[in-house]
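*Asks:*
Protein chains in written order, with my numbering: chain U, 185 to 414; chain G, 185 to 414; chain A, 185 to 414; chain X, 185 to 414.
1) State whether the segment 302 to 316 of chain U contacts the segment 396 to 413 of chain U, with contact taken as three or more CB pairs (one from each stretch) at a distance under 8 Å.
2) Tell me whether residue 239 (chain A) sits in a helix, a strand or coil according to DSSP, three-state version.
3) Taking the alpha carbon of residue 298 (chain A) as the reference point, which residue from A:391, A:400, A:406 and A:395 has its own alpha carbon closest?
4) Once DSSP output is grouped into helix, strand and coil, what is the label at residue 300 (chain X)?
5) Tell me the DSSP secondary structure of residue 213 (chain G) in three-state form.
6) According to the Cβ coordinates, are residue 273 (chain U) and residue 343 (chain U) closer than 8 Å?
7) Are the Cβ atoms of residue 313 (chain A) and residue 295 (chain A) separated by less than 8 Å?
8) Excluding the 5 residues flanking residue 373 (chain U) on each side, which residues of the same chain have their C-beta closer than 7 Å to its C-beta?
9) To the nearest angstrom, how far is the alpha carbon of residue 350 (chain X) from that of residue 355 (chain A)?
10) Does any residue of chain G bring its CB to less than 8 Å from the CB of residue 283 (chain A)?
11) Taking residue 317 (chain A) as the reference, which of G:204, G:320, G:396 and G:227 has the closest Cα?
12) Would you mind reading off the limits of the beta strand (DSSP E) that contains residue 252 (chain A)?
13) With 16 other CB atoms within 10 Å as the buried threshold, where does residue 315 (chain X) fall?
14) Reducing DSSP to helix, strand and coil, say where residue 352 (chain U) ends up.
15) Check residue 223 (chain X) in the structure and name its three-state DSSP category.
16) Could you please give me the residues that DSSP links to residue 276 (chain X) through a beta bridge?
17) Chain X beta carbons: is any one of them nearer than 8 Å to that of residue 385 (chain A)?
18) For residue 370 (chain U), which three-state DSSP category applies?
19) Under 8 Å by Cβ, that's how I've got residue 269 (chain U) and residue 246 (chain U) pegged, so tell me the actual separation to the nearest angstrom.
20) Pull up the distance between the alpha-carbon of residue 345 (chain A) and that of residue 359 (chain A), whole angstroms please.
21) Determine the contact status of residue 251 (chain A) and residue 243 (chain A), defining contact as a CB-CB distance below 8 Å.
22) For the ligand NAP, I want to know if residue 392 (chain U) counts as a neighbour, meaning its beta carbon is within less than 7 Å of at least one of the ligand's heavy atoms.
23) Where does residue 257 (chain A) land, buried or exposed, given buried means 16+ other C-beta within 10 angstroms?
24) So if I threshold CB-CB distances at 7 Å, which residues from the segment 295 to 313 of chain G count as touching chain A?
25) Over the uninterrupted alpha helix (DSSP H) stretch that includes residue 287 (chain X), give me the two end residues.
26) Please compile the residues from chain X whose C-beta is within a distance smaller than 7 Å of the C-beta of residue 410 (chain A).
27) Tell me which same chain residues have a C-beta within less than 8 Å of the C-beta of residue 363 (chain U), skipping the five on either side of it?
28) Bridge partners for residue 228 (chain A) per DSSP, in chain order?
29) Within 10 angstroms of its Cβ, does residue 202 (chain G) collect 16 or more other Cβ (buried), or is it exposed?
30) Does DSSP put residue 347 (chain U) in a helix, in a strand, or in coil?
31) Considering only residues of the same chain and omitting the five flanking positions on each side of residue 212 (chain X), which have a CB-CB separation below 7 Å?
32) Please state whether the Cβ-Cβ distance between residue 291 (chain X) and residue 386 (chain A) is less than 8 Å.
33) Give the C-beta separation of residue 187 (chain A) and residue 223 (chain A) to the nearest angstrom, bearing in mind that I take them to be a contact with Cβ-Cβ under 8 Å.
34) Taking DSSP as the reference, what is the three-state secondary structure of residue 341 (chain X)?
35) The segment 386 to 398 of chain G: which residues have C-beta closer than 7 Å to a C-beta of chain A, in chain order?
36) Let me see if you follow: with CB-CB separation under 8 Å, is residue 202 (chain G) close to chain A or not?
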C-alpha cells in the first residue's frame with residue numbers, strides 16, 4: 185500500500201523533470217524514500233520517460249538490495265542512497281543533466297545568490313563539490329559522488345540548500361518529498377539560466393545583501409512564511 | 185457587475201504572462217484596478233496558473249483590506265497598491281521573474297534604448313531601482329519595493345516608461361489596463377533578450393538617436409500615432 | 185483572379201514568419217507584388233497574425249494608393265514600395281523584429297559569412313545600413329529607411345544578398361516571391377543565431393574562404409545548382 | 185526485404201533529427217547502410233521532412249550508383265559514402281546544421297571533454313577538421329569533405345568518437361546504426377550547447393580528468409557497461 189503511493193510519487197517526479205525540459209532521452213533520474221519502511225523507489229536505468237510506468241520503478245532498501253522490480257536501477261543509485269542515509273530530513277532526490285545547471289557544474293563554479301528568485305529557494309550559494317580524485321573515481325564512483333556532496337554539506341542544512349553541483353558532472357537536488365526534489369531541480373535550472381546571463385551582462389555583479397536573502401527565504405520558508413495558502 | 189469584468193480582465197492578464205512564457209510554476213502576479221470603486225483584483229498567492237479561475241482572484245481596497253475572496257492575496261500586494269496610489273494613470277500592474285528581465289535586474293543595470301523595438305514601447309531607458317537598504321528590507325519590504333520604484337520615477341511619466349527593474353529582484357510593468365500591463369511585461373522581456381545579445385555582439389553598442397527614439401514612440405503612441413487600426 | 189493568388193501567397197508568407205517564431209504579437213509584416221498589374225499586397229497594421237485573413241490584406245499600387253481594402257496598411261509600407269521600385273527582380277518583402285537579426289541590427293554590425301549555412305543563401309556579408317540621420321528620421325522616415333537600404337545595395341545584387349540589417353532597427357529580407365522572402369527571413373535569423381554564438385566561442389573567428397562561399401552558393405543557386413529536385 | 189527495413193530505419197533517423205530540433209526546413213540528412221548487400225539509403229535532396237516517406241529515400245551502392253529511387257539523393261551523398269567505405273564499423277551517418285554544433289564548427293574549434301555528459305558518448309574531444317583548401321573545395325567538394333574527416337580520424341576510433349565538426353561547415357555524426365547516428369547527432373548538439381555556456385561562465389574551464397572520462401565512457405560502453413537494461 186505505502187509502496188504503491190511511493191511509486192506514484194516517484195513516477196510523478198520523474199515525469200515532472202521531463203515535462204519541464206530538464207532531460208534529454210533517458211538522462212536523469214528521480215527517487216523517493218519511505219522512511220518508515222526504509223524503502224527507496226528509483227527510476228530504472230536507461231528507460232525512456234515516455235514509456236515509464238509506476239511498476240517499472242525499482243524498490244531497494246537503504247543498502248541497495250532490490251526488494252521489488254525486475255529492471256536494473258539507475259546507475260546513480262548509490263549516490264541517492266548515501267544522500268538518504270546522510271541527510272535524514274530529505275524524502276526525494278533528483279539528478280539531471282539539465283543544460284544550465286550542468287554548464288555551471290562543468291565550469292566548476294558555485295552559483296552565488298544573485299537575486300530573490302534564488303533566495304526564495306536556496307540559502308546562500310548553490311555549492312559546487314571539488315572534483316573527485318582518480319581514486320574516488322576508480323573505486324565506488326557513484327558512492328564517492330555522494331560522499332563529496334555530503335562532505336561539501338558538512339556545515340550546511342540540506343533542506344535550506346536543497347541542491348548541489350557536482351564538479352564536471354551535473355546537479356543533484358532534493359527536498360522533503362520526491363515532488364519537492366523535482367520542483368527544486370527545476371528552480372535550480374531556472375536560477376542557473378539567469379545567473380549565466382547576469383554575469384555576461386555585468387561581470388562585476390555581486391550577490392544580493394544578506395538582509396534580502398534572509399527576507400525572501402523566510403517569506404517562503406520557516407515559521408513566519410507568508411507565501412502561498414496556509 | 186464591474187467587479188466581474190475586473191476579475192475577467194485580471195484573470196486574462198495572468199493567463200497571458202503564462203502563455204507567453206514569463207512564469208515558472210506560481211511565480212509572478214497580475215492585478216487590475218477599478219478606479220471608480222477603488223477596488224483592486226490580484227492573483228492569490230502560490231496558486232498555479234493552470235488552475236486559476238476568476239473567482240480565485242482576491243479583491244481588496246487601495247489600503248489592502250480584502251473585500252472579496254477567501255484566498256491570501258499575492259505577497260507582493262503592497263507593491264501593487266502603492267503603484268496604484270502613486271501612479272494615478274495606470275490601471276494594471278504585472279510582476280514577473282521573467283528570465284531576461286530578471287537577469288538585467290539582478291545585474292543591477294538599466295536597459296538603454298538600443299533600438300526601435302524598445303522605442304516603440306518605452307521612452308528612454310528601462311530604469312533600474314537602487315538596491316533596498318537593510319532597513320527597507322526588514323520593515324514593510326513589499327511597500328518599500330513600491331517606494332523605491334516611485335522614487336525612481338520622480339521625474340518620469342509612468343505611462344511613457346511602463347516598467348522598471350527592481351535591483352536584485354525582477355521587473356514590474358504596468359499600463360492603462362491589466363491587459364496593457366501584461367503586454368508591456370511581455371515586450372520588456374523581449375527587449376531584455378535582444379539587449380543582452382546586442383551587448384555581447386558589440387560591447388561598444390550605444391543607444392539609438394533621440395530622433396529615432398521619438399519617431400518610433402510617436403508612431404505607436406500620442407496624438408499623431410499611425411500604427412494599427414483607428 | 186491574380187489578386188486573389190497574390191493575397192493567398194502574401195497571407196501564407198505572413199503566417200510562415202509567425203509559425204517560425206520570428207514575430208511577437210503584431211510585430212513584422214510581409215508583402216508581395218504582382219509586377220504585371222503593378223499591385224502590392226501587404227499586411228494591415230497592428231492586426232494579430234492569428235486572426236489574419238487573405239481579405240484583410242491591403243492592396244496598393246506602387247505609389248501606395250490603396251486599391252482594395254478597408255484597413256490601414258502596415259506603417260512600413262513606404263519601405264516595401266521603395267524596395268519594389270528599386271529592386272525590379274524581387275517579388276516579396278518581409279520585415280521582422282526577429283530576435284537575433286534585430287540584436288545584430290541594434291549592435292550595428294554586419295554578419296560576416298562564417299560558414300556554409302550562410303553561404304547557401306547570402307553571398308558575402310549580411311550588410312548593415314548606416315544609422316538614419318535626424319533629418320532622414322524626421323521627414324518621410326519609412327521612405328528613407330528604404331533609401332538607406334537601396335544606397336547600401338548600390339554595388340550588390342539584391343537576389344544574391346536577399347536581406348539587410350537596418351541599423352538600430354531590424355532586418356528586412358526579400359526574394360523572387362513572398363514565400364522566398366519569408367524563407368530568407370527565417371534563414372537570416374538562423375544565421376544570426378549561429379554567428380552570435382560563434383563570436384563568443386572564438387572572438388578571432390574569421391569568415392570562410394571565398395572558394396567555400398562560392399561553392400555553397402552555387403550548389404543552391406545559379407546555372408550549375410545541384411541541390412534539390414529539378 | 186532487407187531494403188525495406190533499411191528504408192524504415194533511415195526514415196526514422198531522418199524524422200528523429202527533425203523531432204529533436206536539429207533541422208530547419210530541408211537542412212540535414214541521414215543515411216544507413218546494409219553492409220551485406222552493400223546498399224545505402226539516404227534522404228533525397230531538398231525534400232521537407234514533414235513529407236518524407238520511406239519510398240522517397242534513394243538507394244545507392246557504395247560508389248553512388250542509384251539502385252532504386254527517382255529523386256536526387258542528398259548533395260552530401262559522396263561524404264556519407266566515403267565514411268562508409270573508410271569506417272567499416274559504422275552503419276549510419278547523420279549530417280545536420282544544428283545550431284550549436286554548427287556554431288562550434290564555424291568557430292573552428294574542437295569541443296573539449298568538459299564533463300560527464302560528453303564522456304558518456306565521446307572519448308576525448310569532439311574533433312574539428314582543418315578547413316578545406318581551395319583545391320579541395322573546387323574539385324569533388326563533397327568527397328573531399330569526407331577525406332578531411334577521415335584524415336582527422338587517422339588515429340581515432342570512429343565508434344569511440346562518433347562525430348566530428350567540419351570547419352566552417354557543420355557536424356557529421358555516425359554510429360553502428362542509423363538510429364545510433366541520429367542519437368549521437370542529438371547528443372553532440374546538447375554537449376555543444378553546454379560547452380558554449382561553460383566557457384562563458386568560466387573562460388579558464390578545463391576538461392575533466394582522464395579517469396572521469398574513462399569511467400563515464402565505460403559505464404555506457406564496452407565490456408563492463410552498467411548503464412541500461414541488458
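No residue lacks a Cβ here, since even glycine has one placed at the ideal position from N, Cα and C.
*Replies:* The answer reads as follows:
1) yes
2) helix
3) A:391
4) helix
5) strand
6) yes
7) no
8) 206, 282, 284 and 285
9) 29 Å
10) yes
11) G:396
12) 250 to 252
13) buried
14) coil
15) strand
16) X:216 and X:359
17) yes
18) helix
19) 6 Å
20) 9 Å
21) yes
22) What this structure holds is no ligand at all, so the ligand NAP is not there to describe.
23) buried
24) 298, 299, 300 and 301
25) 283 to 291
26) 259
27) 193, 196, 197, 200 and 276
28) A:257
29) buried
30) strand
31) 201, 206, 279, 280 and 281
32) yes
33) 6 Å
34) coil
35) 386, 389, 392, 393, 395 and 396
36) no
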